[in-house]
Amino acid sequence: MIKPLLIEIGVEELPAIPFLKELPTIEKQWLDILEKKCFGVCV
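Numbering (my numbering), first residue to last: 1165 to 1207.
This is the structure we're talking about:
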């Protein structure tokens, strides 16, 4: 039972670790993307 859990962690959770550095600015980045794509109408 532990082997499937380790496989899941290895392929799903560990690849996300580099994105943790983006957390402090993620809201601003998302709003910037929306502004560019929606020309300010979506926000």
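Ideal Cβ positions, reconstructed from N, Cα and C, are used throughout, including at glycine.
- In the DSSP annotation of this structure, Ile1173 is not part of any alpha helix (DSSP H), being labelled neither H nor E.
- One Cα belongs to Leu1198, the other to Glu1176, and the distance between them is close to 27 Å.
- Residues of the same chain with a CB within less than 8 Å of the CB of Gln1193, apart from the 5 flanking positions on each side, are Glu1186 in chain order.
- Lys1200: member of the alpha helix (DSSP H) spanning 1190-1202, first to last residue.
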